[in-house]
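In UniProt numbering, the protein residues as written are 475 to 753.
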Ligand code: C2E
Ligand code: CA
Ligand code: CA
Ligand code: CA
């Protein structure tokens, strides 16, 4: 048994070393990416379900790696958080999202409601005392009104928050910015956040929307979340709408807003220009 253990170790070790080296390489690449601005934003429309008009956009980051091509956020955000690089990346995302939204709003016809832009925030960013100043300077330099900015927070971020987190969120809210709980329903005590955090918007997780037509329980839970939102006077956004059947269930249930491939995938700024201002 001892010998087997040793052999296993010998087999295991190169694999471990390889994965460690990959990790180091990725970290070096990410540092370079921050210096060379290798990030891009995509914008996914958030649609008013009753009328199908675009009410806002969610900004989603991408890494354009020089050799590996487009890297989705799930493959680098965890490393960016671990290394603190999410701070400069997130700062760029926020400023760029505000800048683009202000530009689109300036081009919209008189009488059209201004678009909102939603930006995802990592827990690491909320640990920084200067976050409220960053938000306020991103608004000031872009000219975007505070009511047009939505900050999206995940439940996991709110689970083990420090006491300062709540103060920081209140400071940001005092600017007029709205807060959304992302992936709502996937945490284990979602309801507690609604009581403790000053949120304005609930984003119903895609997993509920996925099963809406197949599982009566998923449909009942989704409708329950929508009604909860209404009772608390919060907006509800359904995520990951892919089929018309899901759309009609959600519309019948009075869900206010939605996003998903049924309407549009996350688009480049150029593609968003064409969608908003068809020539
Ligand atoms: P999220 O905030 O829940 O964003 C929604 C994700 O669902 C996006 O994936 C979007 O492309 C995808 N999606 C939208 N509609 C549909 C649909 O109908 N079907 C399917 N299958 N997927 C849909 P993406 O862009 O890969 O982002 C993944 C996650 O990465 C985001 O989840 C968010 O947690 C994180 N993320 C993205 N951008 C940022 C950022 O700038 N900062 C931080 N901290 N996190 C970000
Ligand atoms: Ca989000
Ligand atoms: Ca989400
Ligand atoms: Ca998610």
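Here a beta-carbon is modelled for each residue, glycine too, at the ideal position from N, C-alpha and C. The structure presented is a predicted model; accordingly, all values stated were derived computationally and were not measured.
TODO: Considering only heavy atoms of ligand 3, list every residue whose Cβ is less than 7 Å from one of them, following chain order.
DONE: Listed by position along the chain, the residues with Cβ atoms less than 7 Å from a non-hydrogen atom of ligand 3 are 656, 657, 677, 679, 680 and 713.
Open item on the list: Suppose the cutoff is 7 Å on Cβ atoms and the five residues either side in sequence are ignored; what does the same chain contact list for residue 693 look like?
Closed with: The residues are 686 and 723.
- [ ] Report the rounded CA-to-CA distance for residue 569 versus residue 725, giving the unit in angstroms.
- [x] Whole-angstrom Cα-Cα distance: 33 Å.
Task: Under 9 Å between C-beta atoms of residue 648 and residue 618 - done: At the C-beta level, residue 648 and residue 618 stay beyond 9 Å of one another.
Task: Span of the beta strand (DSSP E), counted from its first residue to its last, around residue 658 - done: First-last of the beta strand (DSSP E) with residue 658: 652-658.
Open item on the list: Could you check whether the Cβ of residue 592 sits closer than 8 Å to any heavy atom belonging to ligand 2?
Closed with: Yes, since a heavy atom of ligand 2 falls inside the 8 Å radius drawn around the Cβ of residue 592.
TODO: May I ask you to check if the CB of residue 735 is nearer than 8 Å to at least one heavy atom of ligand 1?
DONE: Residue 735 has its CB nearer than 8 Å to a heavy atom of ligand 1.
TODO: For residue 632, collect the residues of the same chain with a Cβ closer than 7 Å to its Cβ; drop the 5 residues on either side in sequence, then sort them by chain order.
DONE: Excluding positions up to five away in sequence, the list reads 667 and 671.
Task: Distance cut-off 8 Å: residue 623 Cβ against heavy atoms of ligand 1 - done: No, ligand 1 has no heavy atom inside 8 Å of this Cβ.
Open item on the list: Cutting at 7 Å between CB atoms, please list the residues of its own chain near residue 599, excluding the five before and the five after it.
Closed with: Correct list, in chain order: 560, 561, 564 and 605.
Open item on the list: Let me make sure I understand the geometry here. Which of 525, 524, 520 and 537 has the alpha-carbon closest to that of residue 531?
Closed with: Per the Cα distances, 520.
TODO: Quick one: grab the DSSP three-state call for residue 476.
DONE: The pLDDT assigned to residue 476 is 45, lower than 50, so where the model puts this residue is not dependable; a value taken from the coordinates is nonetheless given after this. Helix.
Task: residue 610: first and last residue of the uninterrupted alpha helix (DSSP H) it sits in - done: Element bounds for residue 610: 605-616.
Task: Extent of the continuous beta strand (DSSP E) to which residue 625 belongs - done: From DSSP, the beta strand (DSSP E) with residue 625 extends over 623-628.
Open item on the list: Would residue 629 and residue 664 qualify as a contact pair, given that the criterion is a beta-carbon distance under 9 Å?
Closed with: Cβ distance < 9 Å, so residue 629 and residue 664 count as in contact.
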